[in-house]
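Count the sequence shown with numbering that gives the first Met the number 0 and you get residues 0 to 302, in order. Shown next, in structure tokens, is the structure this report addresses.
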Amino acid sequence: MQDGAMGSHYRFRFVSPGATHNSVVRVRSNAAGFPPLSTLHYALSTFRRSLWRAGTHPAIIAAMRAMGMILLAAVTAWAGGCSRREARPSLQQAAYDGDEAAVRKLLDAGADVGAPDTMRVTALHCAAMQGHAGVVRLLLSRGAPVDARDFQGATPLYVACAFDQRAGAELLLAAGADVNAATDAQTTNRPLQVAAARGYAGVVELLLSRGASVGAVDGEGFTALHHAAFHGRREAALALLAAGADPAARSSGGATPADEARRGGHEPLAETLAPKAHTNGAASEGPDTAPRTNHTPPATRSR
Numbered sequence: 000m001q002d003g004a005m006g007s008h009y010r011f012r013f014v015s016p017g018a019t020h021n022s023v024v025r026v027r028s029n030a031a032g033f034p035p036l037s038t039l040h041y042a043l044s045t046f047r048r049s050l051w052r053a054g055t056h057p058a059i060i061a062a063m064r065a066m067g068m069i070l071l072a073a074v075t076a077w078a079g080g081c082s083r084r085e086a087r088p089s090l091q092q093a094a095y096d097g098d099e100a101a102v103r104k105l106l107d108a109g110a111d112v113g114a115p116d117t118m119r120v121t122a123l124h125c126a127a128m129q130g131h132a133g134v135v136r137l138l139l140s141r142g143a144p145v146d147a148r149d150f151q152g153a154t155p156l157y158v159a160c161a162f163d164q165r166a167g168a169e170l171l172l173a174a175g176a177d178v179n180a181a182t183d184a185q186t187t188n189r190p191l192q193v194a195a196a197r198g199y200a201g202v203v204e205l206l207l208s209r210g211a212s213v214g215a216v217d218g219e220g221f222t223a224l225h226h227a228a229f230h231g232r233r234e235a236a237l238a239l240l241a242a243g244a245d246p247a248a249r250s251s252g253g254a255t256p257a258d259e260a261r262r263g264g265h266e267p268l269a270e271t272l273a274p275k276a277h278t279n280g281a282a283s284e285g286p287d288t289a290p291r292t293n294h295t296p297p298a299t300r301s302r
């Protein structure tokens, strides 16, 4: 899919089944020399929108979404600082493995508790992602920066929420983690949005109880409820509604959560979310976009 690197940019050419439609998307590379996952995700989303406008059958678009998730998972496995054993510094490796004794030994020997790797991933990111609560607690006690950001702007709390690591998330929040910290400017996703998109209702409830903004929007105007709706995450959606999420909220393109539920093929949830104004008629078909959830953590990316 990569058509070639052009200085600090990459060009991607996507060809639809039967080669009846193609699209070229140009994205920036990051400092490490390869496209950030958020830009790969943007390229895939742009191509799917062009297919939609061209009248491509929804089944083909759904297949493209599935292939996109596989691609993002593969790229994450290659590029992610917490997933490349050969590239991880010793402290990050020990934190990733949950080896509390090794982490303590390294810190006692003078290892920098907040030192990032080449992807700006810290040991706290690694421990949070893997759910090693003991290591998270140790790193925090030694002064690990609780809101450190990786190359996509994700904090340890965001990573913990993306992997359903509630215990680690509780420790981070208790240490003062910013519950509403957004990722990079291109996607501006927050912990609540990624947890909602992945259906982690327990994490959603935790974040809401700690002051997460239920109406915060990402770079395309999608709320956490839009994300939960598109992926059919009923329990997460109900938790958001109970916390005051607005079922009539519209994205930048005009879509309501009910529109996104229908776009994702979740009609029963769409009926639950449909504002009263839509009960006597067809709901809006919405824009040619769908909510995107940024970050590292992998195969779970929402698009």
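Backbone N, C-alpha and C define an ideal beta-carbon position, used for all residues, glycine too. The structure displayed is predicted, hence computed values, not measured ones.
Task: Short Cβ contact (8 Å threshold) for Leu240 with Ala257 - done: no
- [ ] Using the Cα positions of His225 and Gly152, report the straight-line distance between them to the nearest angstrom.
- [x] 22 Å
Task: CB-CB length for Ala122 against Leu139, believed under 8 Å - done: Wrong, their Cβ atoms sit about 11 Å apart, outside the cutoff.
TODO: Put Arg261 into one of helix, strand or coil per three-state DSSP.
DONE: helix
- [ ] Report yes if the CB atom of Glu266 is closer than 8 Å to the CB atom of Ala238, and no otherwise.
- [x] no
Open item on the list: Less than 8 Å between the C-beta atoms of Leu105 and Ala114, yes or no?
Closed with: no
- [ ] Tell me where the alpha helix (DSSP H) around Gln164 begins and ends.
- [x] No alpha helix (DSSP H) contains Gln164, which DSSP labels as neither H nor E.
- [ ] Pull up the CB-CB distance for Ala260 and Phe229, whole angstroms please, since I reckon it's below 8 Å.
- [x] 7 Å
Open item on the list: With H, G and I counted as helix, E and B as strand and the rest as coil, what does DSSP make of Pro246?
Closed with: coil
- [ ] Please work out which residues of its chain come closer than 7 Å, Cβ to Cβ, to Arg141, disregarding the five sequence neighbours upstream and downstream, and give them in chain order.
- [x] Leu106 and Val112
Task: Neighbourhood of Asn179 by C-beta distance below 7 Å, restricted to the same chain and skipping five residues each side - done: Arg189, Ala211, Ser212 and Ala215
Open item on the list: Starting from Val202, trace the alpha helix (DSSP H) in both directions and tell me its first and last residue.
Closed with: Ala200 to Ser208
Task: Rounded separation between Ala168 and Val145 - CA only - done: 11 Å
Open item on the list: What would DSSP say about Arg189, mapped onto helix, strand or coil?
Closed with: coil
- [ ] With a threshold of 16 other CB atoms inside 10 Å of the CB of Ser251, please say whether the residue is buried or exposed.
- [x] exposed
Task: Buried versus exposed, by CB contacts within 10 Å (16 or more), Gly218 - done: buried
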